[in-house]
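A.B. asks: After the structure tokens below, expect a handful of questions from me.
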Amino acid sequence: MEQKIERVDKVKEQIADAGWGNRFDADIDRHLAAGEKRFKLPGEELIEDRGKQHKLAGELDFSVSDDGKLYYNGTKATLYKEGETTGVTQFFPHYDRITVTEAANLLIDTEVPRAVYKYYFDENSQRYGQWQQIDFSKKTENGNHVVNTYHDNYGFKLYAKFDEYAFVGLDGPQQKREACKAMEQGTELLLTPVNNKEHEVIRMTANPSRRGFGIRDMDGNFLTHDQFRTQEVLEKKHQFKQTTSVDFSKPSGKEHAKQEESQQRTGNATNEKKNSTQASASASRTRVRTVQEAKSKYGKKAGR
């Protein structure tokens, strides 16, 4: 009797959501009809990046469990840059839900790795956000590159960070939301600075490890950030620098007065304590005499 395979539609939906569309539907049905328990399907996607056309080659991995359920395990993706025959490879497991576009963006720059932002659910069904960024200098035991993750609690607030900079076309909330959405997919933004004439266009990517951005010119050289920040942010930074340069080794007039007042209170307290100690000693001697007197009078201890 032919075994009915479950979760087929669910897996096809996962593949479509990953950006591959329905191109694998017929192949999936064919492999299942042949009774295969494990199979892989190859696919390619062209990637546009600043006028160049790269190729993302994917190898999608599927398996059928003993109880007849189909599972999509993940995709082994290799990015080939235009004119190059050697690519960069990474396996993206199904549970990370990395799309074709996101995979290409994560692999496209090995020197200044890009990052993508995804939503997940914890064991309590609570949703949380997390940035992912590949570390191309390290590999795991199975040969995959290490992926660094940065939880929302790490403190990188993308939208709020955009407010610190002045770029043409990003002065409204809707434009900033669109820029954030693109950057969360790992996209590199090409922006025109408002307050800088030296650089007509700059390249900017998310850098969650530094809770900020990576800003470069069109040749890939890193640029200082202050030249692109708003005047308000620069003034706040200047005020902070001023306050952090105050000499605290010598107290100001108010602080000096406070110190004198504190010393005076301390001196008064010391005198009061001394007087109290003397009085206590006197009272102690009086009590001893009383006890001794009581003992001699009644022939036993009156207290202890």
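Residues in the sequence shown are numbered consecutively from 3, following the numbering used here.
Glycine is no exception: its CB is placed at the ideal position from the N, C-alpha and C atoms.
Note that the structure is predicted; figures quoted are calculated from it, not measured.
(1) At the 7 Å Cβ level, is Y73 part of the contact set with chain D, yes or no?
(2) Would DSSP call S65 helix, strand or coil?
(3) Can you name, in chain order, every residue of its own chain whose Cβ lies under 7 Å from the Cβ of Q187, other than the five neighbours on each side?
(4) Can you confirm whether the stretch 61-77 touches the stretch 90-102 when touching is taken to mean that 3 or more C-beta pairs between the two stretches lie within less than 8 Å?
(5) Taking the continuous beta strand (DSSP E) assigned at L109, which residues delimit it?
(6) Looking at the structure shown, is S211 part of a helix, part of a strand, or coil, going by DSSP?
(7) Taking DSSP's pairing of strands, which residues face H201 in a bridge?
(8) Among residues of its own chain, excluding the 5 on either side of F169, which ones have a beta-carbon nearer than 8 Å to its beta-carbon?
(9) Evaluate V13 with the Cβ neighbour count: other Cβ atoms within 10 Å of its Cβ, from every protein chain shown; 16 or more gives buried, anything less gives exposed.
(10) Quick one: Cα of I49 to Cα of N155, how far?
(11) Measure the beta-carbon distance from F158 to C182 and round it to whole angstroms, keeping in mind my assumption that it falls under 8 Å.
(12) When the Cα of Q134 is compared with those of Q128, S127, Y122 and G145, which residue comes out closest?
(13) From this set, H240, Y82 and R212, which residue's C-alpha is nearest H56's C-alpha?
(14) If we count the other Cβ atoms within 10 Å of its Cβ and call it buried at 16 or more, is Q280 buried or exposed?
(15) Within this structure, are the beta carbons of P115 and Y152 separated by less than 7 Å?
(16) Where do the ends of the alpha helix (DSSP H) carrying A79 lie?
(17) Assuming L58 and I7 make a contact with CB atoms under 8 Å, what is their CB distance in whole Å?
C.D. replies: This is what the structure holds:
(1) The displayed structure is made up of one protein chain only, and chain D is not part of it.
(2) Translated into positions along the sequence shown, residue 65 becomes position 63. Here S65 sits in strand by DSSP.
(3) On the sequence shown, position 185 is the one that residue 187 refers to. So the list reads T103, E104, N107 and V118, once near-sequence residues are dropped.
(4) At 8 Å Cβ cutoff, the stretches touch.
(5) Taking the first residue of the sequence shown as position 1, residue 109 is located at position 107. Where L109 is concerned, there is no enclosing beta strand (DSSP E), although the alpha helix (DSSP H) it sits in stretches over V102 to L109.
(6) For the purposes of this step, residue 211 is identified with residue 209 of the sequence shown, where counting begins at 1. Three-state DSSP puts S211 in a helix.
(7) The residue labelled residue 201 in the question sits at position 199 within the sequence shown. H201 is not bridged to any residue.
(8) In the sequence shown, counting from the first residue as 1, residue 169 sits at position 167. Taking C-beta separations shorter than 8 Å and ignoring five residues to either side along the sequence, the partners of F169 in its chain run L193, T194, P195, V196 and F230, following chain order.
(9) Translated into positions along the sequence shown, residue 13 becomes position 11. Counting the other Cβ atoms within 10 Å of the Cβ of V13 gives 16 or more, which makes it buried.
(10) Numbered from 1 along the sequence shown, position 47 holds the residue referred to as residue 49. Numbered from 1 along the sequence shown, position 153 holds the residue referred to as residue 155. Going from the Cα of I49 to the Cα of N155 covers about 32 Å.
(11) Here residue 158 is taken as the residue at index 156 of the sequence shown, counted from 1. Here residue 182 is taken as the residue at index 180 of the sequence shown, counted from 1. At roughly 12 Å, the Cβ-Cβ gap does not stay under 8 Å, so F158 and C182 are not in contact.
(12) For the purposes of this step, residue 134 is taken as the residue at position 132 of the sequence shown. Checking every option, the nearest Cα to that of Q134 belongs to Y122.
(13) Here the question's residue 56 lines up with position 54 in the sequence shown. It is Y82.
(14) Against the sequence shown, residue 280 aligns to sequence position 278. Residue placement at Q280 cannot be trusted, given a pLDDT of 49 that sits under 50; the coordinates are not used to answer.
(15) The residue labelled residue 115 in the question sits at position 113 within the sequence shown. The residue labelled residue 152 in the question sits at position 150 within the sequence shown. In this structure, P115 keeps its C-beta atom at 7 Å or more from the C-beta atom of Y152.
(16) Residue numbering aside, residue 79 sits at position 77 when the sequence shown is read from its first letter. No alpha helix (DSSP H) holds A79; the beta strand (DSSP E) holding it covers L72 to Y82.
(17) Along the sequence shown, one-based indexing puts residue 58 at 56. Along the sequence shown, one-based indexing puts residue 7 at 5. About 28 Å separates the beta carbon of L58 from that of I7, a gap too long to meet the 8 Å contact definition.
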